[in-house]
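Just below is one structure, and these are the notes that go with it.
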DNA sequence: CCAAAAGTGTTAGTGGTACACCCATGA
DNA sequence: TCATGGGTGTACCACTAACACTTTTGG
């Protein structure tokens with residue numbers, strides 16, 4: 001039995017995949033292989049299949065492109081204007097994903113002609129993908145100010161200067177390192193390691209890693225990672 | 001031209017409509033008039049039509065039921081598991097709406113056998129509508145702690161004790177009225193009127209109204225309407 | 001020995017919370 | 001006059017932000 005006299009629509013998920021290279025935020029884009037807008041840049045996306053939920057579709061699509069599973073992803077608002085895709089109406093469910101850019105490098109699947117673009121100089125993108133990216137960035141900026149989601153972008157061991165650079169990059173601002181260190185450590189989300197990372201200074205910076213216990217328990221707590229006046233308005 | 005070999009799906013919006021009666025939060029539910037689960041309670045919903053966006057569909061559906069337009073609405077996460085509707089797969093885009101319960105009363109459309117239910121004693125609902133309501137409530141609790149969205153639930157003129165009761169109801173807690181007053185007034189979102197509301201006390205409480213200018217400008221600012229430890233975790 | 005990055009403490013101000021009494025008035 | 005709800009101020013504490021010098025070490 002079916003609902004009668006109703007229009008059925010294509011539903012796609014589009015993945016807004018962010019990475020961080022130590023200095024800048026990058027967005028992973030592919031070159032669309034088919035018309036219209038062939039060869040323009042696009043988010044990686046795909047239609048929801050009969051057997052899968054939207055979350056599953058997003059994971060599948062992310063894995064197809066990057067080889068990565070179990071990545072932090074979050075759905076944002078649907079894009080649904082009837083004319084957004086000129087071929088046929090498609091409802092898009094965009095997902096924001098944060099991945100460790102280093103992990104991706106080793107598993108790249110080049111079938112899609114994917115490329116990292118600095119978020120400060122994005123190319124023209126098809127349809128309303130630019131809007132999706134803007135929305136995703138806003139969401140990220142808002143959420144990262146209160147929740148430790150950026151930690152997902154880092155390798156297992158990382159230094160506080162690296163972490164700080166991530167926050168500075170996202171908000172395009174400078175943060176006082178003494179205040180930042182104090183805030184981050186006071187969350188008890190991190191464990192200090194004994195080794196140092198000497199790759200970026202002679203003195204070396206201590207490695208930290210996530211304290212998995214505390215991280216899961218306190219993930220939804222509300223923190224204050226960055227000064228209030230750096231949180232952009234017009235968000236979520 | 002069309003995308004070939006892809007499955008098209010029904011896409012519906014479901015409206016999670018909250019009201020506040022001065023003491024409790026209410027959810028507006030309808031009695032489903034058709035099988036399956038005929039006569040069980042349900043959110044008001046409807047399929048997205050070919051000519052409309054999801055936002056438009058949500059407004060249309062809200063207006064059908066309540067007669068109200070230009071109401072605060074916000075989309076929350078899509079529900080998309082393949083089996084959620086036993087008749088046929090439907091992707092649901094839930095919307096949270098906040099309406100002034102008094103305005104609704106005068107415009108009720110009884111075709112749908114609608115009824116307000118206290119959110120503390122909801123009836124059994126069809127499909128995953130209960131989950132939608134939970135998600136919507138969480139979202140509301142989180143957002144209302146930082147943004148003045150609850151103001152949408154009130155009539156044009158309202159008193160501070162009324163406003164406080166709304167916050168107390170949402171978080172099921174008591175708030176110190178001195179602190180609450182100070183916080184709310186410090187936002188500069190309100191204008192004090194000269195009249196008093198004498199309906200709930202002999203002394204009377206001053207009416208306030210939204211300072212439209214400031215309200216629109218500062219809507220996205222981050223406030224602190226309720227104590228941190230009352231904000232539930234596991235939110236958004 | 002020096003350049004370059006890491007690490008660390010203090011202070012002043014702001015904002016949050018806890019707390020209790022007087023005010024106005026209709027009945 | 002009294003019961004009821006409305007309105008107001010203060011003091012402590014915690015958090016924030018601003019700020020500068022010392023440490024380490026590879027070259």
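Protein chains in written order, with the UniProt record's numbering: chain A, 1 to 236; chain B, 1 to 236.
The beta-carbon is built from N, C-alpha and C at its ideal position, and this holds for glycine as well.
Would residue i pass as an interface residue toward chain B - the criterion being a Cβ-Cβ separation below 9 Å?
{"i": "residue 78 of chain A", "result": "yes"}
{"i": "residue 55 of chain A", "result": "yes"}
{"i": "residue 93 of chain A", "result": "yes"}
{"i": "residue 90 of chain A", "result": "yes"}
{"i": "residue 188 of chain A", "result": "no"}
{"i": "residue 124 of chain A", "result": "no"}
{"i": "residue 171 of chain A", "result": "no"}
{"i": "residue 73 of chain A", "result": "no"}
{"i": "residue 212 of chain A", "result": "no"}
{"i": "residue 82 of chain A", "result": "yes"}
{"i": "residue 151 of chain A", "result": "no"}
{"i": "residue 64 of chain A", "result": "no"}
{"i": "residue 47 of chain A", "result": "yes"}
Please tell me whether residue i has its Cβ less than 9 Å away from any Cβ of chain A.
{"i": "residue 215 of chain B", "result": "no"}
{"i": "residue 228 of chain B", "result": "yes"}
{"i": "residue 112 of chain B", "result": "no"}
{"i": "residue 167 of chain B", "result": "no"}
{"i": "residue 130 of chain B", "result": "no"}
{"i": "residue 192 of chain B", "result": "no"}
{"i": "residue 38 of chain B", "result": "no"}
{"i": "residue 118 of chain B", "result": "no"}
{"i": "residue 2 of chain B", "result": "yes"}
{"i": "residue 20 of chain B", "result": "no"}
{"i": "residue 59 of chain B", "result": "no"}
{"i": "residue 141 of chain B", "result": "no"}
{"i": "residue 96 of chain B", "result": "no"}
{"i": "residue 52 of chain B", "result": "yes"}
{"i": "residue 137 of chain B", "result": "no"}
Would you report the Cα separation of residue i and residue j, rounded to the nearest angstrom?
{"i": "residue 84 of chain B", "j": "residue 68 of chain B", "result": "29 Å"}
{"i": "residue 24 of chain B", "j": "residue 230 of chain B", "result": "18 Å"}
{"i": "residue 170 of chain B", "j": "residue 141 of chain B", "result": "7 Å"}
{"i": "residue 119 of chain B", "j": "residue 39 of chain A", "result": "51 Å"}
{"i": "residue 78 of chain B", "j": "residue 87 of chain B", "result": "19 Å"}
{"i": "residue 251 of chain A", "j": "residue 81 of chain B", "result": "This structure gives no information on residue 251 of chain A, because the portion of chain A shown stretches from 1 to 236."}
{"i": "residue 130 of chain B", "j": "residue 121 of chain B", "result": "12 Å"}
{"i": "residue 166 of chain A", "j": "residue 7 of chain A", "result": "45 Å"}
{"i": "residue 152 of chain A", "j": "residue 100 of chain A", "result": "7 Å"}
{"i": "residue 183 of chain B", "j": "residue 4 of chain B", "result": "57 Å"}
{"i": "residue 10 of chain A", "j": "residue 102 of chain A", "result": "34 Å"}
{"i": "residue 19 of chain A", "j": "residue 46 of chain B", "result": "38 Å"}
{"i": "residue 126 of chain B", "j": "residue 185 of chain B", "result": "42 Å"}
{"i": "residue 41 of chain A", "j": "residue 37 of chain B", "result": "46 Å"}
{"i": "residue 51 of chain A", "j": "residue 90 of chain A", "result": "18 Å"}
{"i": "residue 1 of chain B", "j": "residue 128 of chain A", "result": "20 Å"}
Are residue i and residue j closer than 9 Å when you measure CB to CB?
{"i": "residue 133 of chain B", "j": "residue 97 of chain B", "result": "no"}
{"i": "residue 61 of chain B", "j": "residue 139 of chain B", "result": "no"}
{"i": "residue 43 of chain B", "j": "residue 123 of chain B", "result": "no"}
{"i": "residue 214 of chain A", "j": "residue 146 of chain A", "result": "no"}
{"i": "residue 193 of chain A", "j": "residue 143 of chain A", "result": "no"}
{"i": "residue 135 of chain B", "j": "residue 150 of chain B", "result": "no"}
{"i": "residue 154 of chain B", "j": "residue 206 of chain B", "result": "no"}
{"i": "residue 49 of chain A", "j": "residue 58 of chain A", "result": "no"}
{"i": "residue 204 of chain A", "j": "residue 191 of chain A", "result": "no"}
Leaving aside the five residues before and after residue i along the sequence, list all residues of the same chain whose C-beta is less than 7 Å from its C-beta, in chain order.
{"i": "residue 174 of chain B", "result": "168"}
{"i": "residue 63 of chain B", "result": "69"}
{"i": "residue 117 of chain A", "result": "26, 27, 29, 123"}
{"i": "residue 226 of chain A", "result": "145, 167, 171, 175"}
{"i": "residue 177 of chain B", "result": "164"}
Looking only at its chain, what residues have a beta carbon closer than 8 Å to the beta carbon of residue i, apart from the 5 residues adjacent to it on each side?
{"i": "residue 65 of chain A", "result": "15, 17, 28, 30, 44, 109, 112, 114"}
{"i": "residue 189 of chain A", "result": "148, 151, 210, 211, 214, 215, 218"}
{"i": "residue 21 of chain A", "result": "101, 116"}
{"i": "residue 208 of chain A", "result": "157, 158, 159, 160, 163, 190, 191, 192, 193"}
Starting from the C-beta of residue i, find all residues in its chain whose C-beta is less than 6 Å away, skip the five residues before and the five after it, and write them out in chain order.
{"i": "residue 179 of chain A", "result": "none"}
{"i": "residue 232 of chain B", "result": "141"}
{"i": "residue 92 of chain B", "result": "12, 14, 79"}
{"i": "residue 73 of chain B", "result": "58, 95, 97"}
{"i": "residue 187 of chain A", "result": "223"}
{"i": "residue 104 of chain B", "result": "66"}
Counting only runs of 4+ residues fully inside the stretch 1-80 of chain A, write out the alpha helix (DSSP H) ranges in chain order.
The stretch 1-80 of chain A contains these whole alpha helix (DSSP H) runs: 54-66.
Complete runs of the alpha helix (DSSP H) confined to the stretch 128-205 of chain A [at least 4 residues]
129-146, 160-171, 177-186
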